[in-house]
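If you're matching positions, the sequence shown starts at 383 in the working numbering and goes up one per residue.
Ideal Cβ positions, reconstructed from N, Cα and C, are used throughout, including at glycine.
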Amino acid sequence: MACHHGFVECIVEMKQSGELTKYGLAAVNWLLDVCGQDKAVGHDIGCASKMITASSLGTKAQEKQLKVVVNAFHRFAHNHMCQLENHPLYQLGFGNEDLETWFHWKQFLDLHFSQWDSDKYLELSKQALCIIQTNLADLEQFKHSKNITDNNFKTWHQEELEYLKRCTGESDPTSIAVQYIELLEKLNFAEATYGSVT
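Below you can see the structure in the form of structure tokens.
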């Protein structure tokens, strides 16, 4: 929700359609609590202001003389009666306001994050090129000194995965031997700390 000056007053994130009107009603409730008397809300479903009247906010909205109107672009997609009753062009106090600030704000957000992504891709590309340019010679020297190829790097991953899968179910003799060694280490520690028991 943004004021007609373009300042964002309240943000509600809807993750999927079909969330009905609960978020819109929550924003209206906030508006009534914070901003007080004689306010107007431009909403793309302003003609459905009956939902506010029918909700638990109905009395509060009526007492504070809340007016719900549609935004200017809504008129092109809806019926004429709605336009005459709810369009800002026909309401006192709106002047030239089109109530599309929120729409433009969403465009700004989209533009901002598109630029953000472009900047991140550029930065990652620069970083990758820098790593390649500075480390390629070292990598080639390492491969030559160890007599390995690019294919080794590809197969090592699969070999390590297969090895770890084989190790997940330790055989009983192995786990018993490990436990025995751990107990011997504890005995050695105890004898060194407290003296020989035997």
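Problem - Boundaries of the beta strand (DSSP E) in which Gly424 is found, first to last residue - result: As a position in the sequence shown, residue 424 is number 42, starting the count at 1. Taken as a continuous stretch (DSSP letters only), the beta strand (DSSP E) holding Gly424 covers Ala422 to Gly424.
Practice task
Name, in chain order, the residues that DSSP records as bridge partners for Lys449.
Solution key: In the sequence shown, the residue the question calls residue 449 occupies position 67. Ala422, per the DSSP bridge assignment.
Exercise for the section: Check whether the Cβ atoms of Gln419 and Lys446 sit closer than 8 Å, and answer yes or no. Expected result: As a first step, residue 419 is located in the sequence shown; it is residue number 37 there, counting from the start. As a first step, residue 446 is located in the sequence shown; it is residue number 64 there, counting from the start. Yes, the Cβ-Cβ distance between Gln419 and Lys446 is below 8 Å.
Exercise for the section: Enumerate in chain order the residues of its own chain whose CB-to-CB distance from Asn570 is below 6 Å, with the five nearest sequence positions on each side excluded. Expected result: Within the sequence shown, the letter at position 188 stands for residue 570. No residues qualify anywhere along the chain.
Practice task
Compute the distance between the beta-carbons of Leu448 and Asn411, then report whether it is under 8 Å.
Solution key: On the sequence shown, residue 448 is found 66 positions in, with the first residue counted as 1. On the sequence shown, residue 411 is found 29 positions in, with the first residue counted as 1. No, these two residues do not count as a Cβ contact at 8 Å.
Problem - Where Ala422 falls, given that 16 or more other Cβ within 10 Å makes a residue buried - result: Within the sequence shown, numbered from 1, the residue matching residue 422 stands at position 40. The residue is buried, with at least 16 neighbouring Cβ atoms inside 10 Å.
Handout entry: Proximity to Thr403 [Cα-Cα], best of Ile434, Leu413 and Leu414
Key = One-based indexing of the sequence shown puts residue 403 at position 21. When each option's Cα is compared against that of Thr403, the closest is Ile434.
Exercise for the section: Identify whether Leu414 lies in helix, strand or coil by the three-state DSSP scheme. Expected result: Taking the sequence shown and counting its residues from 1, one reaches residue 414 at position 32. Here Leu414 sits in helix by DSSP.
Exercise for the section: Tell me, to the nearest whole angstrom, how far the beta carbon of Leu414 is from that of Lys432; I am working on the premise that it is less than 8 Å. Expected result: Here residue 414 refers to the residue found at position 32 when the sequence shown is read from its first residue. Here residue 432 refers to the residue found at position 50 when the sequence shown is read from its first residue. Going by Cβ atoms, the distance from Leu414 to Lys432 rounds to 17 Å, so no, they are not a contact pair.
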